[in-house]
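K.L.:
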Amino acid sequence: MKLLKIHLKAIFKVWVQLKILYVLPYDWGAMPQYTAELANAVSKYEEVTVIGSKDINKKYFSERVEIIKTFDNFNFSMNNLKNLFSLKTLKSFFSFRSINIINTINPDIVHLTTPVIPPLSIYISLFKLDTKYKFVYTKHGIFSNSGFKEKILEVYVLGFFEKLINFAKIIVHTQKDKDAFLNLKKANEETVAVIPHGTYSFFKNYGGCYPAEKDCILFFGNIREYKGLKYLIQAIPLILKEIPDLKVIIAGEGDISEFSSFIENNKSVFEVYNEFISDEKVSELFQRTEIVVMPYTKMSGQSGILSVALAFNKPIVSSNVGGINEVVEDGITGFLVPPQNSEALGDAIINILKNDTLLSDMKSNLLDKSQELSWDNIAKIHIELYSKLLSDSPKNN
Numbered sequence: 139m140k141l142l143k144i145h146l147k148a149i150f151k152v153w154v155q156l157k158i159l160y161v162l163p164y165d166w167g168a169m170p171q172y173t174a175e176l177a178n179a180v181s182k183y184e185e186v187t188v189i190g191s192k193d194i195n196k197k198y199f200s201e202r203v204e205i206i207k208t209f210d211n212f213n214f215s216m217n218n219l220k221n222l223f224s225l226k227t228l229k230s231f232f233s234f235r236s237i238n239i240i241n242t243i244n245p246d247i248v249h250l251t252t253p254v255i256p257p258l259s260i261y262i263s264l265f266k267l268d269t270k271y272k273f274v275y276t277k278h279g280i281f282s283n284s285g286f287k288e289k290i291l292e293v294y295v296l297g298f299f300e301k302l303i304n305f306a307k308i309i310v311h312t313q314k315d316k317d318a319f320l321n322l323k324k325a326n327e328e329t330v331a332v333i334p335h336g337t338y339s340f341f342k343n344y345g346g347c348y349p350a351e352k353d354c355i356l357f358f359g360n361i362r363e364y365k366g367l368k369y370l371i372q373a374i375p376l377i378l379k380e381i382p383d384l385k386v387i388i389a390g391e392g393d394i395s396e397f398s399s400f401i402e403n404n405k406s407v408f409e410v411y412n413e414f415i416s417d418e419k420v421s422e423l424f425q426r427t428e429i430v431v432m433p434y435t436k437m438s439g440q441s442g443i444l445s446v447a448l449a450f451n452k453p454i455v456s457s458n459v460g461g462i463n464e465v466v467e468d469g470i471t472g473f474l475v476p477p478q479n480s481e482a483l484g485d486a487i488i489n490i491l492k493n494d495t496l497l498s499d500m501k502s503n504l505l506d507k508s509q510e511l512s513w514d515n516i517a518k519i520h521i522e523l524y525s526k527l528l529s530d531s532p533k534n535n
């Protein structure tokens, strides 16, 4: 009888397993890592397939996840606008006809985890796939964090193509983003769910082991105006008065020419990697630093840098913008300061670096937050959302 019960449990588990399909239309930026972390965690409990770009790097994915490479690389960004109507781009555009493979896979849920690029939404709409399957969409930001040109592309152009798909559920990462999205009247309350960004713990699998360096702080990520690097630079003289052995690591692509002379005049303070940062280097830099600094002037969504800092158990000093305060607890896991305030930023950094007990306490508190935002927990929240969608209204095919 006991053996029969075990067999029945196994059969029931297989019978109720969901078929989840994630769509990853391109291989650049942070979206492949985000999709892989979610897919890997969900695949512990459900059947998971990823369809996407032919250039997807399989190293990020678990062997439990089936990968189907079907789309040619389609670069829809400001940097590539001049090539938008080239033969190569047009060929890539038409490759998205293969999204119709969804009918062969016949999933319970189709989840788009990246911004919706034009060919993807056009073919989903053309083939009426959103009338046959439950589509879920993770919208990583409501407002553009970039400049005017990028805002036109991200908010208006991509926003138009988002509307071509009928989403059963839209996921945002913070309550502030949900409130902003609802205020724009682009969705109703029932359609929008808040699921935080998981910690990027996979970076810990790369590179060697490095000790944390005393009085070392890290500014990391693509260098854009809204990231507020200039406010950190302005705070350096203030910090040096209290922390003479300060080490500032700046790592990421972008224009830092306006700070070149200051950095050159303070060579002993700075360590700069103004380039694309490999996974191995990410791991090294986050291990070496004591604090991660995010002096952002604005923020929509949840910063991937914050997710890496959590994974490496590093206290965060950040501007209090967007939904960052939904992750960083002021005085508990870091400090929140007013945006565009170099003095407050510097004081917060000094406060942590001069207080070993505070630094240790914050690191202990970060362990709890990191566990709360582990991908296993995030996956379970997604699975609950998928299951409720299907129980409320079964798929249409």
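The sequence shown begins at 139 in the working numbering and counts up one residue at a time. Beta carbons: idealized from backbone N, C-alpha and C, even for Gly. Note that the coordinates shown come from a computational prediction; the quantities given were computed from them, not determined experimentally.
For L384, which three-state DSSP category applies?
P.N.:
Within the sequence shown, numbered from 1, the residue matching residue 384 stands at position 246. L384 falls in the coil class under three-state DSSP.
K.L.:
Does the beta-carbon distance from P245 to L176 come in below 8 Å?
P.N.:
Residue mapping note: residue 245 aligns to position 107 of the sequence shown, counting from 1. Residue mapping note: residue 176 aligns to position 38 of the sequence shown, counting from 1. No, they are not a contact pair.
K.L.:
For N218, which residues in the same chain have their Cβ closer than 6 Å to its Cβ, ignoring the five residues on either side in sequence?
P.N.:
Taking the sequence shown and counting its residues from 1, one reaches residue 218 at position 80. For N218, the predicted model reports a pLDDT of 48, less than 50, meaning its position is unreliable; a value from the coordinates is still stated below. There are no such residues.
K.L.:
Taking the alpha helix (DSSP H) that V420 falls in, what are its first and last residues?
P.N.:
Locating residue 420 in the sequence shown gives position 282, where the first residue counts as 1. It spans D417 to R426 - the alpha helix (DSSP H) in which V420 sits, taken as one unbroken run.
K.L.:
Identify, in the order they occur along the chain, each residue of the same chain with its Cβ nearer than 8 Å to the Cβ of S263, setting aside the five sequence neighbours on each side.
P.N.:
Within the sequence shown, residue 263 is the residue found at index 125, counting from 1. Cβ neighbours of S263 beyond the five flanking positions: L302 and I303.
K.L.:
With 16 other CB atoms within 10 Å as the buried threshold, where does P375 fall?
P.N.:
Within the sequence shown, the letter at position 237 stands for residue 375. Classification of P375: exposed, given that the 10 Å Cβ count is below 16.
K.L.:
Where does V254 fall in DSSP's three states?
P.N.:
As a position in the sequence shown, residue 254 is number 116, starting the count at 1. If DSSP states are grouped into helix, strand and coil, V254 belongs with coil.
K.L.:
So is I239 buried or exposed if we call it buried at 16+ other beta carbons inside 10 Å?
P.N.:
Position 101 of the sequence shown holds residue 239. That one is exposed.
K.L.:
L523 by DSSP, collapsed to three states: which one?
P.N.:
Numbered from 1 along the sequence shown, position 385 holds the residue referred to as residue 523. Here L523 sits in helix by DSSP.
K.L.:
Is it the case that the stretch 268-281 contacts the stretch 315-330, given that we only count it when at least three CB pairs across the two stretches are under 8 Å?
P.N.:
Judged by Cβ distances under 8 Å, the stretch 315-330 makes contact with the stretch 268-281, as three or more pairs qualify.
K.L.:
So what does H249 bridge to, in DSSP terms?
P.N.:
Looking up residue 249 in the sequence shown gives position 111. Answer is Y160 and V274, bridged to H249.
K.L.:
Starting from E402, follow the alpha helix (DSSP H) in both directions and report where the run begins and ends.
P.N.:
Along the sequence shown, read from residue 1 onward, the residue named residue 402 stands at position 264. E402 -> alpha helix (DSSP H) spans S398 to N403.
K.L.:
Would the stretch 345-361 count as touching the stretch 322-336 if we require 3 or more Cβ pairs under 8 Å?
P.N.:
No, because fewer than three Cβ pairs between the stretch 345-361 and the stretch 322-336 fall closer than 8 Å, the two stretches do not touch.
K.L.:
K307 lies in the beta strand (DSSP E); which residues open and close that run?
P.N.:
Numbered from 1 along the sequence shown, position 169 holds the residue referred to as residue 307. Where K307 is concerned, the enclosing beta strand (DSSP E) stretches over K307 to V310.
K.L.:
Are the beta-carbon atoms belonging to I381 and L423 less than 8 Å from one another?
P.N.:
Numbered from its first residue, the sequence shown carries residue 381 at position 243. Numbered from its first residue, the sequence shown carries residue 423 at position 285. Against a cut-off of 8 Å, the Cβ pair of L423 and I381 comes out as no contact.
K.L.:
As a quick exercise: from V186, F199 and V161, pick the residue whose alpha carbon is nearest that of A174.
P.N.:
Residue mapping note: residue 174 aligns to position 36 of the sequence shown, counting from 1. For A174, the nearest C-alpha among the options comes from F199.
K.L.:
If you drop the 5 nearest sequence neighbours on each side, which residues of the same chain put their C-beta closer than 8 Å to that of K507?
P.N.:
In the sequence shown, the residue the question calls residue 507 occupies position 369. Excluding sequence neighbours, K507 sits near L448, V465, E467 and T471.
K.L.:
Between the C-alpha atoms of N412 and A373, what's the straight-line distance to the nearest angstrom?
P.N.:
As a position in the sequence shown, residue 412 is number 274, starting the count at 1. As a position in the sequence shown, residue 373 is number 235, starting the count at 1. Cα to Cα, N412 sits roughly 20 Å from A373.
K.L.:
Could you check where the alpha helix (DSSP H) with M500 kicks off and where it finishes?
P.N.:
Residue mapping note: residue 500 aligns to position 362 of the sequence shown, counting from 1. Looking at the DSSP string, the run of the alpha helix (DSSP H) that includes M500 is D494 to E510.
K.L.:
Y411 bridges to which residues according to DSSP?
P.N.:
Counted from its first residue, the sequence shown places residue 411 at position 273. A389, per the DSSP bridge assignment.
K.L.:
Shortest alpha-carbon distance to G392 belongs to which of V420, Y369 and E363?
P.N.:
Mapped onto the sequence shown, residue 392 falls at position 254. Considering only alpha carbons, the answer is E363.
K.L.:
Determine the direct distance from the alpha carbon of L225 to that of T251, and round the result to whole angstroms.
P.N.:
The residue given as residue 251 occupies position 113 in the sequence shown. The residue given as residue 225 occupies position 87 in the sequence shown. Straight-line Cα distance between these residues: approximately 27 Å.
K.L.:
Check whether the Cβ atoms of V420 and V446 sit closer than 8 Å, and answer yes or no.
P.N.:
Walking along the sequence shown from the start, residue 420 turns up at place 282. Walking along the sequence shown from the start, residue 446 turns up at place 308. Cβ atoms of V420 and V446: closer than 8 Å.
K.L.:
Can you give me the start and stop residues for the beta strand (DSSP E) that L229 sits inside?
P.N.:
As a first step, residue 229 must be located in the sequence shown, where it is residue number 91. Per the sequence shown, the amino acid found at residue 229 is Lys instead of Leu. It is not in any beta strand (DSSP E) - K229 instead sits in the alpha helix (DSSP H) that spans L225 to S233.
K.L.:
Check F281 in the structure and name its three-state DSSP category.
P.N.:
Start at 1 with the first residue of the sequence shown, and residue 281 comes out as number 143. F281 falls in the coil class under three-state DSSP.
K.L.:
On the criterion of 16 or more Cβ atoms from any shown chain inside 10 Å, does E184 qualify as buried, or is it exposed?
P.N.:
Counted from its first residue, the sequence shown places residue 184 at position 46. Answer is buried; the Cβ neighbour count reaches 16.
K.L.:
Spatial neighbours of S233 within its chain, please: C-beta separation below 6 Å, excluding the five flanking residues on both sides.
P.N.:
Working through the sequence shown from its first residue, we reach residue 233 at position 95. So the list reads F209 and D210, once near-sequence residues are dropped.
K.L.:
Between which residues of its own chain and I371 is the CB-CB distance below 7 Å, once the five residues before and five after are set aside?
P.N.:
Counted from its first residue, the sequence shown places residue 371 at position 233. Around I371: F397 and F400.
K.L.:
Quick one, are the C-beta atoms of H311 and V274 less than 8 Å apart?
P.N.:
Position 173 of the sequence shown, counting from 1, holds the residue named residue 311. Position 136 of the sequence shown, counting from 1, holds the residue named residue 274. No, the Cβ-Cβ distance between H311 and V274 is not below 8 Å.
K.L.:
Alpha carbon to alpha carbon, what distance is there between L444 and P256?
P.N.:
As a first step, residue 256 is located in the sequence shown; it is residue number 118 there, counting from the start. As a first step, residue 444 is located in the sequence shown; it is residue number 306 there, counting from the start. Cα to Cα, P256 sits roughly 29 Å from L444.
K.L.:
Give every residue of the same chain whose Cβ lies closer than 6 Å to the Cβ of I415, excluding the five residues on either side of it in the sequence, and list them in chain order.
P.N.:
Working through the sequence shown from its first residue, we reach residue 415 at position 277. Only A389 meet the Cβ criterion.
K.L.:
Determine the extent of the beta strand (DSSP E) in which G472 is found, giving its start and end residues.
P.N.:
Taking the sequence shown and counting its residues from 1, the one referred to as residue 472 is at position 334. First-last of the beta strand (DSSP E) with G472: G472 to V475.
K.L.:
Is the Cβ-Cβ distance between I487 and I394 less than 8 Å?
P.N.:
Within the sequence shown, numbered from 1, the residue matching residue 487 stands at position 349. Within the sequence shown, numbered from 1, the residue matching residue 394 stands at position 256. No, Cβ-Cβ distance for I487 and I394 is not below 8 Å.
K.L.:
What are the residues that DSSP puts in a beta bridge with E185?
P.N.:
To locate residue 185, count along the sequence shown from 1; it is residue 47. Partner(s): K157.
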